[in-house]
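Numbering-wise, the numbering used here comes out as the position in the first sequence, counting from 1, plus 58.
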Amino acid sequence: MSNLNKLNYDPLVYALDFETYYDSEYGISNYGAWGYVHHPKFDAYLISIVGDGIEYVGPPKEAPWHLLPAGWKAAVHNQGFERLVFPRCQELRTIPKDAAPAGWLCTLDLSAYLCRHRSLHDAVLSLYGVEVDKGMRDYMRGKTWSDAVTAGKAEELKKYALDDSRWCLKLYRDFNTSWPQIEQELSEITFQETARGVAINEKLLDSGIQNVQNANDEAKKGIPWFGEEDEKGKEVKPLSVLALKKFCLENGCETKPPSTEDGDPLLEAWLSNNEHIRPVIKAMQTYRSTNALLKKACTIRARIRPDGTFPHDLKYGGAHTLRWSGGWDEGRAESGSVNVQNLPGSEMYGLHLRKCFVPRPGFKFIGADYSQIEPRCLWWLVGDWETLALIKQGLNPYEAYSRKNLGWDGGSLKALAKAGDAKALPIYKTAKAAVLGAGYGCGAEKFITVAKQMADLNITLPEAERIVAEFRRTNPKITKFWKTLENGMRRSIGEDYLIELPSWRSMRYRNVKVFGGLTCQVGDKIVKTWGGKLCENVTQAVARDVIGEALVRLEKAGIRTLFTVHDEVICEVPLDFDNKIVEQLMIEAPDWLPGIPLEVEIKDMEYYK
DNA sequence: GCTACGAGCGCC
DNA sequence: AAAGGGCGCTCGTAGC
């Protein structure tokens, strides 16, 4: 018994892994995980189970379910898939109804938390330096279990399946204690959200799809080479830059266009000398936009379940700041997935995609957006209590900034700016742009575009230079923070740089090196890094933890959340629900961020907006 | 035929 | 010395 007390893992946890049939057409990319397991071709031909006293690999039907102890829990690598397969097998009676585990745990999410590598292969390589052979997976494309048996590959396949579960169990046992409880809860919440999905207004979606299709057809007509074939009989792609180049040179242009990007000043300059090409470029841009939108809308359309809901994709810890990201993990090609975090914010070509996301009957949406969460976190991180105190008194943050740094001493800046006051408006916009855009070491040139985007502020380069310089001069705590982070990283050259966050976790920058500038490894990429960027990462990470803790609070209060988009939470609650409850749960300052004034904008929504 | 990568564009 | 950041998806092209 004394040994058991020393276990730093739960012996009731067993690792599971299914092997399921797939081919080039029938896969997650084309059907989504839910559609895949409900497809007639669905065939979970193998399951491996590994844990205390059990190592099984074989058909699910013959698995030793009776040997699993009461209250056993399942560890899987990618719960977004495995947790759909399991109940589907129960429905199909290849797994007994009463065999369900008491809980689930996802080692993919654990790996994301630990090392930023999501696939089992990459996680094991990163954490143990061992290469897991994934050859069998490719081999099995388009092959059934009996194909493998006939080909004499059964044993190899079994070994491969067993290996995955062994590694999964090892990840769980070795690292589970490094995964904080709250993060495990967030992993669970994320799964619940994706499985729950969102109700879709199908009529609206259908008519919108028709509109976009029409616009797409119209755009095709403006692309001269559309539908043509090259010498080899291959279709010339509508967005082919080579075709565009050829067309331009054949039609009196001396040079090819520098890009086809909408709004690119270089393109604009080129077009002013080649006006006759303008309609072609425009058609390419319209085709590109409508095509992408159409794909997205049709994917949603195709994935609507019989109950009228669409199960979306959202990844726990998709970003290295551990923010959620869109997409899914199954398969290497990140295609055919719908990212709910970048849905167009307004109508495009007669389709308002967000309007198609509606509450289930008897429910309403609550959209809860944190106001200026990042600047507030940054002020807290650098210890700018003065500004935070002004905000705590009820001052709008941009106004607080203006009073502190821009010499504003008039009345309510926001109210005056809203009324179009000629003196207040530029100051308000300048403050907004500076607060949102200048905190991360942004230079003057970049600040012009940031200011435009964040505060609709149009400025010249000298003005941008002045605002940025002013920001740095009046915010020495922030510039010092940049330097502190950068110096910390410089002291870590040759090793990993760990930044301890105020919450329960750290950020890790692996393998810091100097190649001209500072570089390090983030996920599987080598990136350039400097103080301003690190500051941005840390601020994002802290804001993420704030929203993460809020999500857990909402969940514990029984409030159904659908998804999060960085600083906003979409809740689905009964029609008579009191929105104040959501607000109160969200603005509660975390213990580890004492004194931070949080604010959320809450709105009832008849659709997602 | 498959993979990798950049361009372009959508979001916060 | 100076440098906003974080994502995902589609398409086209290049390279193996």
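Where is the CB? At the ideal position from N, CA and C, for every residue including glycine. None of the values given here were measured: they were computed from a predicted structure.
Within 7 Å, strictly: CB atoms of Leu142 and Ala181: Taking the first sequence and counting its residues from 1, the one referred to as residue 142 is at position 84. Taking the first sequence and counting its residues from 1, the one referred to as residue 181 is at position 123. No. Outside cutoff.
Residues sharing a beta bridge with Tyr567, DSSP: Mapped onto the first sequence, residue 567 falls at position 509. Paired residue(s): Tyr555.
Pro315 (DSSP reduced to helix, strand or coil): Start at 1 with the first residue of the first sequence, and residue 315 comes out as number 257. Looking at Pro315 - three-state DSSP - the assignment turns out to be coil, as it is neither helix nor strand.
Where Ile153 sits in the DSSP three-state scheme: For this step, residue 153 is matched to residue 95 along the first sequence. The answer is coil: DSSP assigns Ile153 none of H, G, I, E or B.
The segment 225-244 touching the segment 289-307, judged by at least three CB pairs closer than 8 Å: no
Heavy atom of the ligand GTP within 6 Å of Asn533 beta-carbon: With respect to the ligand GTP, the structure offers nothing, as it holds no ligand at all.
Spatial distance of Trp225 from Val585 (CA atoms): On the first sequence, residue 225 is found 167 positions in, with the first residue counted as 1. On the first sequence, residue 585 is found 527 positions in, with the first residue counted as 1. One C-alpha to the other measures close to 29 Å.
Where Arg361 falls, given that 16 or more other Cβ within 10 Å makes a residue buried: Position 303 of the first sequence, counting from 1, holds the residue named residue 361. It counts as buried.
Closest residue to Asp427 among Lys667, Lys353, Tyr72 and Thr165 (Cα-Cα distance): The residue you call residue 427 lines up with position 369 of the first sequence. For the residues Lys667, Lys353, Tyr72 and Thr165, the minimum Cα distance to Asp427 belongs to Lys667.
As assigned by DSSP and simplified to three states, the class of Cys629: As a position in the first sequence, residue 629 is number 571, starting the count at 1. Strand, per DSSP.
Exposure of Gly109, with buried meaning 16 or more beta-carbon neighbours within 10 Å: What you label residue 109 is simply residue 51 of the first sequence in a count that begins at 1. Flag for Gly109 reads buried.
7 Å Cβ cutoff met for Ser223 and Ser106: Taking the first sequence and counting its residues from 1, one reaches residue 223 at position 165. Taking the first sequence and counting its residues from 1, one reaches residue 106 at position 48. Closer than 7 Å, so yes.
Backbone secondary structure at Gly138 - three-state DSSP: Taking the first sequence and counting its residues from 1, one reaches residue 138 at position 80. Of the three classes helix, strand and coil, the one that applies to Gly138 here is helix, per DSSP.
Proximity below 7 Å, CB of Pro296 to CB of Tyr345: The residue given as residue 296 occupies position 238 in the first sequence. The residue given as residue 345 occupies position 287 in the first sequence. Yes; because the gap between Cβ atoms is below 7 Å, this pair is in contact.
Local Cβ density within 10 Å of Phe76, reported as buried at 16 or more and exposed below that: Translated into the one-based positions of the first sequence, residue 76 becomes position 18. Answer is buried; the Cβ neighbour count reaches 16.
N- and C-terminal bounds of the beta strand (DSSP E) containing Phe76: Working through the first sequence from its first residue, we reach residue 76 at position 18. It spans Val71 to Thr78 - the beta strand (DSSP E) in which Phe76 sits, taken as one unbroken run.
contact_flag[the segment 543-550, the segment 588-602] where n(CB pairs < 8 Å) is 3 or more: yes
Phe421 vs Ile258 beta-carbon contact at 7 Å: One-based indexing of the first sequence puts residue 421 at position 363. One-based indexing of the first sequence puts residue 258 at position 200. The answer is no: Cβ separation not under 7 Å.
Local conformation of Glu646 per DSSP, three classes: Within the first sequence, numbered from 1, the residue matching residue 646 stands at position 588. Reduced to three states, the DSSP call for Glu646 is coil.
Whole-angstrom distance between Gly501 and Ile339, CA atom to CA atom: In the first sequence, residue 339 corresponds to position 281, counting from 1. In the first sequence, residue 501 corresponds to position 443, counting from 1. In a straight line, the C-alpha of Ile339 is about 31 Å away from that of Gly501.
Minimum C-alpha distance to Gln451 - residue among Phe423, Gly187, Leu656 and Ile335: Here residue 451 refers to the residue found at position 393 of the first sequence. Nearest C-alpha to Gln451: Leu656.
Continuous alpha helix (DSSP H) stretch holding Tyr407: start and end: Here residue 407 refers to the residue found at position 349 of the first sequence. That residue, Tyr407, is in no alpha helix (DSSP H); it is neither H nor E in DSSP.
Simplified DSSP state of Arg195, which is helix, strand or coil: Numbered from 1 along the first sequence, position 137 holds the residue referred to as residue 195. Three-state DSSP puts Arg195 in a helix.
Where Ala102 sits in the DSSP three-state scheme: Counted from its first residue, the first sequence places residue 102 at position 44. Strand.
Option nearest Asn595 by Cα separation, candidates Val640, Leu439, Gly574 and Ala447: Within the first sequence, residue 595 is the residue found at index 537, counting from 1. Closest by alpha carbon: Leu439.
Alpha-carbon to alpha-carbon, Leu609 and Gln642: Along the first sequence, one-based indexing puts residue 642 at 584. Along the first sequence, one-based indexing puts residue 609 at 551. Those two C-alpha atoms are separated by around 12 Å.
Residues near Gly111 in its chain [Cβ-Cβ closer than 8 Å; skip 5 each side]: As a first step, residue 111 must be located in the first sequence, where it is residue number 53. Answer for Gly111: Leu125, listed in chain order.
Rounded straight-line distance, which links the Cα of Cys147 to that of Thr507: On the first sequence, residue 507 is found 449 positions in, with the first residue counted as 1. On the first sequence, residue 147 is found 89 positions in, with the first residue counted as 1. When rounded, the distance between both Cα atoms is 53 Å.
Sequence-distant residues of its chain with Cβ nearer than 7 Å to Thr532 (five each side left out): By one-based count along the first sequence, residue 532 stands at place 474. Same-chain partners within the cutoff: Asn463.
Under 7 Å between C-beta atoms of Gly266 and Leu401: In the first sequence, residue 266 corresponds to position 208, counting from 1. In the first sequence, residue 401 corresponds to position 343, counting from 1. Result no, Cβ atoms of Gly266 and Leu401 do not sit closer than 7 Å.
Under the three-state DSSP convention, the category Leu224 falls into: The sequence position of residue 224 within the first sequence is 166, counting from 1. Reading off the sequence shown, one finds Arg at residue 224, where the question assumed Leu. Three-state result, Arg224: helix.
Coarse secondary structure for Tyr114, derived from DSSP in three states: What you label residue 114 is simply residue 56 of the first sequence in a count that begins at 1. Note: Tyr114 maps to strand in three-state DSSP.
Range of the contiguous beta strand (DSSP E) that encloses Lys422: Locating residue 422 in the first sequence gives position 364, where the first residue counts as 1. Where Lys422 is concerned, the enclosing beta strand (DSSP E) stretches over Phe421 to Tyr428.
Which listed residue (Pro159, Leu150 and Tyr79) has its alpha carbon closest to that of Asp196: Within the first sequence, the letter at position 138 stands for residue 196. Taking only the C-alpha atoms, the option nearest Asp196 is Tyr79.
Beta-carbon proximity list for Pro122, same chain, < 7 Å, skipping 5 on both sides: Locating residue 122 in the first sequence gives position 64, counting from the first residue. Excluding residues within five positions, the ones whose Cβ falls inside 7 Å are Ile112 and Tyr114.
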